[in-house]
Each structure stands twice: as structure tokens, then as C-alpha cells.
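Residue numbers (this note's numbering), protein chains in the order written: chain A, 1 to 264; chain B, 265 to 523.
Backbone N, C-alpha and C define an ideal beta-carbon position, used for all residues, glycine too.
First up is the structure itself, then whatever we jot down about it.
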């Protein structure tokens, strides 16, 4: 079988900071918004001056500022130990930053308005990002801690097959979600509800450290096959989309849970 | 040389990624969304219950799986073949209209089928009803009505690719639910007229009407240099077919789930 390997410039596939793309962030924030209590919705709207989706991309937008990226670039990733638990206290870790944001928002009267706004926007973004498979760094699994290129097949046979080379993070940050780029975030959130409403209670249990461990358990087996230059079939791509939907649902329900708790 | 190869490959990659990203998907999703807006509450609830998703979510399911193991035969279920007298090849099983009729017949007793079969049948219907209304999925055998290529800003683009992507091309920046809302404007009487007949009579109308697309967009023509009137006519055909597809898909689903 002849394949046409298409090379893409890595520089194009990796932005300054890797994160779930804007559409994914907005879908997750919209799902969360739909699951907020009235009080939490009123408080978050007051702080943001809009809905959760309006603040979802802020942390990525400021990444254009190289100075800001120095401090926030590592926040988009979570780090778990070899036993798949989150124990780190490093301020460079996404979970630690989420906990910091929760603390600021829980004690918001002690902080300036701008700090409260920034904390809420950061929380929205990071709760989403920690549910992205390629943002879970596992001790002892080198491939979870680095970016590498894979080949994604268009599924066609013979000379019509095209294998697109893309980075592992680009695959998870945008390739899968862009299959539905023609949906509005409201439509995607509705779909996540249709497919995962029954899991809401289960997904929302525990705290951010539990959620990090949950994501680590989901991500770890993937690195048994995910290696540099891995050839991904169309069928596998299709199946991973279902997993991606499930992680997005986790993110949306958990973001709602944490906000409902803060603003109870 | 190496730099040139890399640059060329990059250009091709961007075109491939863009064309595969959404244009074809947006047409199918828009049709499915129009259908959802015109289904009875009962039909919509049952349909979504089997799918565990919305109809637009699965509108491109057949495209995603068409080349995967076990789905090879379905590759031939995306279009409607005609004979040399512009009639549908009704006994040809590699025919979207034939497969739609076969599945509709099977779905008359949907409650006796397993949930997974009902789910797959719905996904086939959602896609094939859309595809049979795509202008270029009516397959003529006449030489002057066969696929060619056109040019977009000087670049060669398949005639089929252009028409498949036309919903996105003429609605840049819009989401499928916005497009569906914009075109779901027909009255009950108009919808009833569109939905009268059956897949065979719908194909017969397509067979007569879709010949026009080959004169509107001649081989090797530069799309960006077409007159506004021609673009308006192409868009009119695209929109009309999307509306027909959406209303007829809703009609089929309402019929299946009326019991």
C-alpha cells in the first residue's frame, strides 16, 4: 500500500502554548454554564460580565505576551506520579493553579476585582485543559511528557490514502474537536448532555486531585501504543473521538461542580 | 529542492486538512438540523434516544467509517446511479435511494430490532437522505454530465469536491444551526408538497434538475470569475437541495416513529 506522507511544519502545529482550542474551551464552558446553580450563574456572570465561555480563552489569549507565557505556560499541564496520583505542590502545575484559583474565588472579598476576574478565567481554562489527554504528564512515561509526531490516516485505500503528520498535542488540542467545528458550542454542549447526562453525578464526585488521578488512569494505557511516528487508522481516530467527548463531558460537569461549590 | 518539497507538501496538507475539516460535514449537519426542527417531539425523542446523540452529530458517520473494515460496501451507498435514459437504476443495490427504501422497510418494525441495529439504521438514513440531495451525487452516464474539475484561484479543484463543499463555501463563518434556522422557513403546505412522493420520485426530480449544474459550472472554469448571477444560481440550487433533504429526512423519521 502506497502512502503519501505529508509533512507539516511543526512550527505551525504548535502555538506558543499548547491548549485545547478555542472551540473546545467554549463547548466545555457552555456545558458547565448549563449545569450551574442559579446563584453560581449569577455570581460568575457578575464577575465576568458575560457567560463562562466569554472567559474561557483568556489564559490562552495572554499567551501572546511572552513575559506572561513564562509564568503560565506550564499551567496548562498536570503532573501525576508513577502511581497515578496528583501530589505535587509546584506552582508550575495545573492542579496547583486550579486550587489557587479556587482559594482566591472562595475568599474573593479579600482580593481585588481584577484578581478575582483573572482567577475565574484561569480556573475555567485550566479545568478544561486538565481533561485533555495530551496535557496529563505521568512520571515514568516519557511520551506523556513530550510532544511527538504521529501520522493520521484519512482512511482511504491505496493511492487515495493520505497520512497527515501532526504533533500528538495538535491531535488532541484541535484535530478531533475540529470534526465538529461547524457546530455552535451550544449544539456541542447539548450533544454532550445527550450522551453523558447519566454520568454527571459520577463525574462530579471528588475534588481536583481525584479528577487528575482519574485522567491519569485514562491517559496511561494510551501510551502503550502512542509513540513517535505512530500510524493512526481512521477507525482508531473515530473511536478516540468518543473518548474525547467523554473527557469534555467530564470537564464541563466538573467545572460546574467546582463553581457551584465556590458560589454556594 | 528539499525546501520546495516541504513547502509543496505543506500547502497540500493545509488544503487537505481544510477540505476534510468541515465543508462536507456542514452540509450534512445542516440537513440533519433542519430535520430535527421539523420532527414531532415523539420522533425526535426516540431518534435521539437510540442515537444517544443529536442527528447532526452523526450526520457524517458514514463518511468517517466508509473505508473501515466491515464498512467497505457502504462506500457505494452515497450516490444514486442513473441509466442512459436518465432513469434511476432501481435494482442496483449500490444506490443511496435503494438503501434508503430498504432501511425504511426494515424500520417499519423498529421496535423488534436490537437497539444497535436501529441506531446504525438511523445513522445510515441521516447521511444517505442528505447525500441523495447533494447535486453531484446524482450519477449520470452521459459523457457531458460527468465529473470534471474546476479552478479556484487558479488551483485545480474537483467538480465533486466543489459541490460537496458548496454549503460551507456560500455560508462562510456560519455554524450549521445558524444556516438551518435561516433556511427552515417553509410553511406546512410547502413542506407537505416537498415531502409528497417517495425516494424514487425525489430521484426522478433530481435527475431532471441536476443536469443544470454541468452547464452552470463548465469544466476548467475559474470559480472566482463566475458572474454574480451564476453564483446566485449555484447557491439557490444548493439551498433548495439542503431544504428538500432536511424536510424529507424529518418526514421519513416522523413516519418511522409515528407508531
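Within 9 Å, strictly: CB atoms of residue 251 of chain A and residue 28 of chain A: yes
Bounding residues of the beta strand (DSSP E) (the contiguous stretch that carries residue 138 of chain A): 136-138
Close Cβ partners of residue 30 of chain A (< 8 Å) along its chain, the five nearest in sequence each way excluded: 51, 52, 53, 185, 186, 188, 189, 252
Where residue 287 of chain B falls, given that 16 or more other Cβ within 10 Å makes a residue buried: For residue 287 of chain B, the pLDDT reaches just 39, beneath the cut-off of 50, and the residue's location in the model is therefore unreliable, leaving the point undetermined.
CB contact check: residue 380 of chain B to chain A, cutoff 9 Å: no
Cβ-based neighbour list, residue 211 of chain A, same chain, cut-off 6 Å, excluding 5 preceding and 5 following: 254
Near-chain A residues of the segment 423-449 of chain B (beta-carbon distance less than 8 Å), N- to C-terminal order: 432, 439, 440, 441, 442
Min CB distance residue 229 of chain A to chain B below 9 Å: no
Same chain only: Cβ atoms within 6 Å of residue 487 of chain B, ignoring 5 sequence neighbours per side: 414, 416
Nearest-angstrom Cα separation, counted from residue 103 of chain A out to residue 290 of chain B: 42 Å
Option nearest residue 162 of chain A by Cα separation, candidates A:234, A:198, A:112: A:234
Secondary structure, alpha helix (DSSP H): runs of 4+ residues fully inside the segment 416-442 of chain B: 423-428, 430-433
Cross-chain neighbours of residue 194 of chain A in chain B, by beta carbon under 7 Å: 312, 316, 317, 318
Residue-chain proximity (residue 329 of chain B, chain A), Cβ-Cβ < 9 Å: yes
Beta-carbon proximity check, residue 321 of chain B vs residue 23 of chain A, cutoff 9 Å: no
Helix, strand or coil at residue 377 of chain B [DSSP, three-state]: coil
Sufficient close CB pairs (3 or more, under 8 Å) joining the segment 85-102 of chain A to the segment 191-198 of chain A: no
Cross-chain neighbours of residue 321 of chain B in chain A, by beta carbon under 7 Å: 191
Three-way DSSP call (helix, strand, coil) for residue 78 of chain A in this model: strand
Contact the segment 392-406 of chain B vs the segment 355-363 of chain B: 3+ CB pairs below 8 Å: yes
Contact between the segment 505-516 of chain B and the segment 301-308 of chain B (3+ Cβ pairs under 8 Å): yes
Under 9 Å between C-beta atoms of residue 133 of chain A and residue 215 of chain A: yes
Within-9 Å CB hit, residue 252 of chain A to chain B: no
Rounded straight-line distance, which links the Cα of residue 21 of chain A to that of residue 430 of chain B: 26 Å
Inter-stretch contact (C-beta, 8 Å, three-pair minimum) for the segment 114-128 of chain A and the segment 58-67 of chain A: yes
Cβ neighbour criterion (16 or more within 10 Å) applied to residue 463 of chain B: buried
Ordered list of beta strand (DSSP E) runs contained in the segment 78-148 of chain A, each at least 3 residues: 78-80, 136-138
Spatial distance of residue 239 of chain A from residue 421 of chain B (CA atoms): 31 Å
7 Å Cβ cut-off: residues of chain B touching residue 157 of chain A: 331
Beta-carbon spacing of residue 248 of chain A, residue 131 of chain A below 9 Å: yes
Alpha helix (DSSP H) segments (min. 4 residues) lying fully within the segment 294-334 of chain B: 305-315, 325-329
Same chain, Cβ closer than 8 Å to residue 223 of chain A, five either side skipped, listed in chain order: 138, 141, 143, 144
Contact list for residue 293 of chain B against chain D, beta-carbon separation under 9 Å: In the displayed structure, chain D is absent; the protein chains listed are A and B.
Among A:69, A:146, A:117, nearest to residue 226 of chain A - alpha-carbon criterion: A:146
Min CB distance residue 33 of chain A to chain B below 9 Å: no
Bridge partners - residue 346 of chain B, DSSP secondary structure assignment: B:352
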